[in-house]
Amino acid sequence: MTAPAPPGNTTEAPAPRALRAWQGCLLAVGACVPLAVGSAWYACRAPGIRVVRLQLAGSVEEAAEVVGDRLHGAQRALHADYVFLAGYTLTLIAVFALAHRTVAHRLGHRRAAVTGMILAGVAGVSDVAENLFLAHGLRHFTPGADVPFKIATGCAALKWLLLALTVPAAAVVLVIILKRSLIHTAAVLPGLRWLRPDRPPAADTAARPELIPPPPVVRADGERWPKTPRTPPPTPGGGVRWRNSTLVPPGREQGALGFCVSGGGIRSACVTLGALQALRDHLRKARYLVSVSGGGYAAGALQLALNEAADDKSPATSRPGPADVFEPGSPEEDHLRRHSKYVAEGTGQWLAALGVLLRGLLASLGLLIAMLLLLGLALSWAYHVVPLTDLDYLSSAGVLFPSDCPPPPAPAFRQPVLLTILGLLGVGGLCWLVWLFLFTWCGALVRSQTWALTLFRVCVVLALLLTVVAVVLPGVAWGTVKLRAGLDLSAPQAGAGIGFTALFTYGAVLVATLWRRRQTVRRGFGSILGASRKAGQVSRAVPNGLVQYVIVWLVLLLLFVVSLLVLGWAIATGRQWGLFWQIGLPILLALIVLCLDQTWMSLHPFYRLRLASAFAVRRSTEPDGEVVARPYDFTKEPTPLHRYGCRHPGFPQVIFAAAANLSGSDRTPPGRRAVSFTLSHDYVGGPDVGYARVDSLEQRTGRLIRRDLTVQSAMAVSGAAFASAMGTQARTFQTLFALSNARLGTWLPNPAALGPLWKADSDWRLPPQPAIRRLSYLLREITGRYPMDDRLLLTTDGGHYENLGLVELLRHRVSTAVCIDASGYTPPFAATLAEAITLAHEELGIEIILHDTEKLVPGSARPLQPENPLARINERLAAQAVITGDIIYPQDLIGEDGLNLGRRGQLIVARATLTRGMPYKLLAYASSHPVFPHDSTSDQWFDHQQFDAYQELGHYIGEQAAGVLRLLPRRDV
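Residue numbers (my numbering): 10 to 982.
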């Protein structure tokens with residue numbers, strides 16, 4: 010039976026023959042010829058005529074003032090304008106048509122190119138109508154004959170709006186086409202091959218392909234993504250979604266035993282360390298160790314501690330192995346205990362951490378202000394050259410001090426422009442009525458309905474844009490100058506207002522990130538101020554809960570208002586600035602946009618370094634025989650994933666579970682906005698975004714992005730808890746984090762988009778793989794736009810997808826799964842575990858049946874005696890810390906020896922909770938610390954007591970889990 014054609018390809022016409030690079034370059038240059046000819050003709054035939062002022066005159070009196078005694082010259086200029094408008098219309102249409110054939114490789118881009126061609130044509134038609142009415146008015150130059158000039162002004166307003174939309178877009182498209190075609194054409198020359206360096210193919214691509222595409226989806230627009238066919242093709246059968254979600258790279262066979270360790274910051278890291286120490290004998294037999302966030306701190310520490318230094322001259326017998334790495338009492342464990350306050354230890358590092366946060370905030374606000382000033386400068390000159398609303402009178406009032414000039418009057422909006430806005434809304438309403446009639450009575454006329462609805466949307470959008478350009482922005486500019494005059498503000502006072510905004514934003518960022526727990530504030534201020542009493546007073550003033558949201562909303566509102574004021578002032582005064590500022594600001598911003606990796610401004614590099622200072626360490630024997638814990642020197646050892654993340658004999662493969670953030674519902678259901686993205690020594694990626702082979706990715710990736718393909722970066726990415734995209738978390742906080750640069754996570758290559766780019770004969774029309782994460786990626790974080798087919802993906806904390814790592818472990822189909830859960834939860838139910846069970850069934854078709862779940866509930870244990878003095882601690886005691894469950898897979902498991910193991914597996918969940926059988930020292934600590942064992946994840950400043958308590962708790966639940974493992978049949982472990 011013939012396989013059906015892929016969705017989205019059944020009605021496509023044969024693709025036109027692709028243009029070669031040199032052909033695209035010639036066509037791009039040729040597209041500019043009509044514009045050049047038209048401009049030259051107009052310059053020769055219409056010198057000294059203020060045609061734009063004439064177009065916007067709107068009345069006989071203003072037209073007479075513009076024309077003066079040069080009526081014949083004005084008429085000749087109108088005739089010359091026909092050549093000019095034909096030139097720019099042909100150039101715009103040609104550029105967008107060329108883009109449609111070349112660089113517009115997405116369906117959305119192709120539609121944008123078609124829209125650009127249509128808008129360019131409409132602009133040309135509007136220009137023709139404008140010239141006809143002006144010519145008629147000039148021939149009948151009598152008082153009171155204002156109608157032709159009013160209509161001409163309306164046509165001119167629409168024309169200039171369309172040109173403002175199409176000309177910048179066409180210029181950008183033209184530069185892109187020329188750049189890609191020239192680089193591809195020049196790369197064939199012997200001396201310029203460095204432009205497109207040849208990279209040798211990776212070895213063993215048959216068994217380990219460089220790229221594994223994800224299963225395709227059909228978007229709402231009907232286009233399939235990705236278009237790359239999968240090899241081998243999928244097998245037919247039921248449960249397609251579940252089978253697609255079990256996609257894992259080759260070489261990751263089903264294992265008998267696997268571990269997953271949950272997120273939870275330093276709390277989870279301590280619990281995980283203690284649990285894995287107790288489970289060491291079983292851990293050495295495991296196939297996989299999946300880690301999330303804080304659990305990844307400990308897993309990454311174990312992985313890095315097993316790697317040998319290149320210059321290590323000590324005998325092999327003195328080096329740690331899986332049997333004794335991070336054993337109790339080891340130097341590396343002691344190093345971790347001494348650096349449990351890894352974010353900031355002491356006054357100096359606290360000040361440095363706050364300084365890094367302030368630096369990022371100032372950089373972000375400075376960049377935002379610079380962009381607003383540049384936009385305002387451009388608009389200031391635009392309103393001067395094309396005065397849809399006359400703002401020239403605001404220049405002196407905005408630049409001079411208020412006492413030097415009277416308050417400016419309100420701007421006079423042009424009546425023909427306002428009528429044009431109403432006319433567009435009227436035409437849009439008529440189109441909507443036509444669509445409604447066709448939809449109700451002529452359902453078969455689908456194409457006519459589409460056209461009517463499209464015209465309605467276009468008219469409404471154009472009316473709104475014209476309202477913004479002709480009314481809103483001039484109003485903002487006038488309001489800014491009026492406000493400054495009314496408040497009698499000087500330049501230093503205005504600067505102080507911006508400084509207050511930065512300070513208020515800085516405080517809000519601290520509230521949203523660090524001050525979720527009062528104890529954290531007390532410690533931070535106590536470290537800096539050295540006065541615990543005063544710090545306690547400060548901590549009591551810190552808001553929590555709803556007040557946090559109110560503060561964040563107020564800060565966002567304040568930033569919006571200040572942005573409007575900055576933009577309005579720049580619009581009013583921009584063209585009066587000094588030449589240095591008018592030239593220097595665009596050059597500076599261009600350099601920042603082209604050369605700055607925006608990840609540098611975020612907290613990711615700082616977090617990556619501080620995390621490594623505690624967890625990136627290994628045992629070393631000194632020349633004098635002393636055994637010490639020596640931290641990694643990342644200037645010499647950047648810990649690339651393919652080498653430092655490799656699996657060691659007698660130790661499981663470590664998989665760092667992160668999340669790739671996606672917007673829309675093409676891949677994710679509403680509200681989730683994140684999919685699995687894992688990092689290991691062999692592949693990075695996930696079933697919904699595909700996988701890329703790590704060694705190949707490191708070779709083909711630029712130096713700046715390659716820094717994040719390391720073990721230390723994988724630990725930081727997996728633990729990027731607060732970011733500009735956090736899956737199901739509050740969008741308000743995410744916007745604040747993006748605007749203030751208080752964001753973790755990083756942009757990594759999208760495996761699904763790399764296939765066409767990695768071909769030996771890659772198409773010149775495709776964008777290259779990014780070597781730097783430019784400003785556009787920061788703008789995507791601010792706006793929350795993360796398309797699934799982008800070349801880079803924003804990867805953040807694995808908890809934004811699933812915080813236990815259980816789903817990722819079950820994706821690898823282990824017979825026995827051990828889950829160390831220190832994620833923190835609100836009793837009585839383990840919501841994180843319940844969410845993981847739900848997600849496992851939704852994505853993988855796996856059912857999990859837990860046993861004795863009520864024994865995990867605090868208060869379910871037999872009370873300690875005597876009950877009266879121990880009532881508070883008894884309320885927190887669970888009957889058990891470890892429960893079991895059955896895993897029911899949708900397909901049979903196949904053992905490492907090839908035997909069919911059936912569909913059932915075993916789940917062991919070890920929760921960080923209190924039980925009556927715990928050691929006395931843990932019960933005593935819990936009695937004096939009511940929040941234990943649920944210290945907030947935002948508390949990343951553990952002292953030695955917290956470290957020891959959580960590690961001991963992990964060791965206890967690990968021993969309980971080991972006892973359950975010993976009772977299982979040998980084949981399951």
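Even glycine gets a Cβ: it sits at the ideal position worked out from N, Cα and C. Computed from a prediction, not measured in an experiment: that's the story for all the values here.
Distance between residue j and residue i (C-alpha atoms, nearest Å)
i	j	result
L172	A108	18 angstroms
G438	T429	14 angstroms
L256	P696	5 angstroms
R652	D717	14 angstroms
T175	G130	10 angstroms
W450	C440	15 angstroms
L28	L775	12 angstroms
V92	I714	49 angstroms
L573	T489	8 angstroms
S629	R639	6 angstroms
I186	A30	9 angstroms
L101	A40	8 angstroms
K236	V467	31 angstroms
G539	H953	With a pLDDT of only 47 at G539, under the threshold of 50, the placement of this residue in the model should not be trusted, and no figure is reported.
F941	D957	12 angstroms
G545	S936	With a pLDDT of 37 at G545, under the threshold of 50, the predicted position of this residue should be treated as unreliable, though the coordinate-derived value follows. Approximately 22 angstroms between the Cα atoms of the pair.
A12	A826	At A12 the pLDDT is 37, less than 50, meaning the model places this residue with poor confidence; the figure from the coordinates comes in the next sentence. Approximately 38 angstroms, taken between the alpha carbons.
I596	K491	31 angstroms
G533	A362	Summary for G533: the model assigns pLDDT 47, below 50, so the residue's position carries little reliability; its value from the coordinates is reported in the next sentence. G533 and A362: Cα-Cα distance of roughly 11 angstroms.
DSSP three-state assignment for residue i, whether helix, strand or coil
i	result
L65	coil
Y898	strand
Y795	coil
D952	coil
W234	strand
G583	helix
A683	strand
G967	helix
F351	Per the sequence shown, residue 351 should be read as Tyr rather than Phe. Coil at Y351, not helix or strand.
E811	coil
V825	The question names Val, but residue 825 in the sequence shown is Thr. Correct three-state label for T825: strand.
A216	coil
L730	Contrary to the premise, residue 730 reads as Ala rather than Leu in this sequence. Of the three classes helix, strand and coil, the one that applies to A730 here is coil, per DSSP.
L908	coil
Y692	strand
Boundaries of the beta strand (DSSP E) in which residue i is found, first to last residue
i	result
L802	L801 to D806
P758	T755 to P758
A701	G699 to R702
Beta-carbon proximity check, residue i vs residue j, cutoff 8 angstroms
i	j	result
P329	L313	no
P726	T755	The displayed chain sequence assigns Val, not Pro, to residue 726. Yes, these two residues count as a Cβ contact at 8 angstroms.
E341	R627	yes
M797	W234	yes
L382	L183	no
A683	A669	yes
A95	I58	no
E817	T687	yes
Identified DSSP bridge partners for residue i
i	result
R639	R627
Y297	G267 and Q662
T893	I917
D830	R920
T281	Its beta-bridge partners do not exist; DSSP assigns none.
Alpha helix (DSSP H) segment containing residue i, residue limits
i	result
D343	P340 to R347
A494	L482 to L496
I882	A880 to N883
I855	Element bounds for I855: n/a, residue is neither H nor E.
V455	V455 to T476
G33	A30 to A40
Y91	L80 to R110
Residue i: CB within 7 angstroms of a non-hydrogen atom of the ligand MN
i	result
A287	The ligand MN is not part of this structure, which contains no ligands at all.
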